[in-house]
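These notes concern the structure reproduced below.
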Amino acid sequence: MIFCHQCFKLWSDDIDFSHCDCGQAVDQMSATPEIHPVQLVGGKSGTVRVEVAMAAYEVYCKVFAPQPAMVTGRCRGGFGTGELVAMLYARAFPRNEWRKRFDEAIENSRLDR
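Counting from 57, one number per residue, gives the positions in the sequence shown under the numbering used here.
Given below as structure tokens:
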């Protein structure tokens with residue numbers, strides 16, 4: 057996978073193009089790691105496939121704001137398990153409902169405790 061650092065879009069390695077949809081040149085993109093960190097209960101860490109992390113990050117950007125460090129590995133060890141579940145749940149709904157559905161999923165959840 058190729059990762060656009062400007063718009064955070066993932067592209068397949070076999071796509072033949074010179075620029076991302078946002079205008080970023082392919083030679084300024086980089087290969088993504090196949091896994092991303094996830095914070096587990098008890099201070100342990102786990103991993104998820106890059107496609108899962110990026111799907112969650114798409115919701116994160118819409119619900120909160122873009123924070124590239126969440127997917128480049130320099131922010132608090134990745135998403136917590138509760139966040140990940142809530143974001144993936146919200147993603148199943150129309151974009152305009154993502155905040156409501158994220159909050160709905162988080163309410164009374166105890167995945168990170």
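Even glycine gets a Cβ: it sits at the ideal position worked out from N, Cα and C.
None of the values given here were measured: they were computed from a predicted structure.
Grab me the residues of residue i's own chain with a C-beta within less than 8 Å of its C-beta, minus the 5 sequence neighbours each way, in chain order.
i: residue 74; result: 81 and 82
i: residue 169; result: For residue 169, the predicted model reports a pLDDT of 49, less than 50, meaning its position is unreliable and no value from the coordinates is stated.
i: residue 77; result: 63 and 65
i: residue 58; result: 66, 67, 68, 69, 71, 82, 85, 86, 87 and 88
Helix, strand or coil for residue i per DSSP?
i: residue 73; result: coil
i: residue 66; result: strand
i: residue 84; result: helix
Using a Cβ-Cβ cutoff of less than 7 Å, which residues in the same chain neighbour residue i once the five nearest sequence positions on both sides are dropped?
i: residue 145; result: 157 and 161
What first and last residue would you give for the alpha helix (DSSP H) that runs through residue i?
i: residue 157; result: 154–162
i: residue 141; result: 137–146
If the criterion is Cβ atoms closer than 8 Å, does the pair residue i and residue j meet it?
i: residue 115; j: residue 85; result: no
i: residue 92; j: residue 111; result: no
i: residue 94; j: residue 140; result: yes
What is the residue span of the beta strand (DSSP E) that residue i lies within?
i: residue 102; result: 101–105
i: residue 95; result: 91–95
Quiz item: For the 8 Å Cβ check, are there 3 or more pairs between the stretch 129–140 and the stretch 148–157?
Solution: Result no; under three Cβ-Cβ pairs closer than 8 Å.
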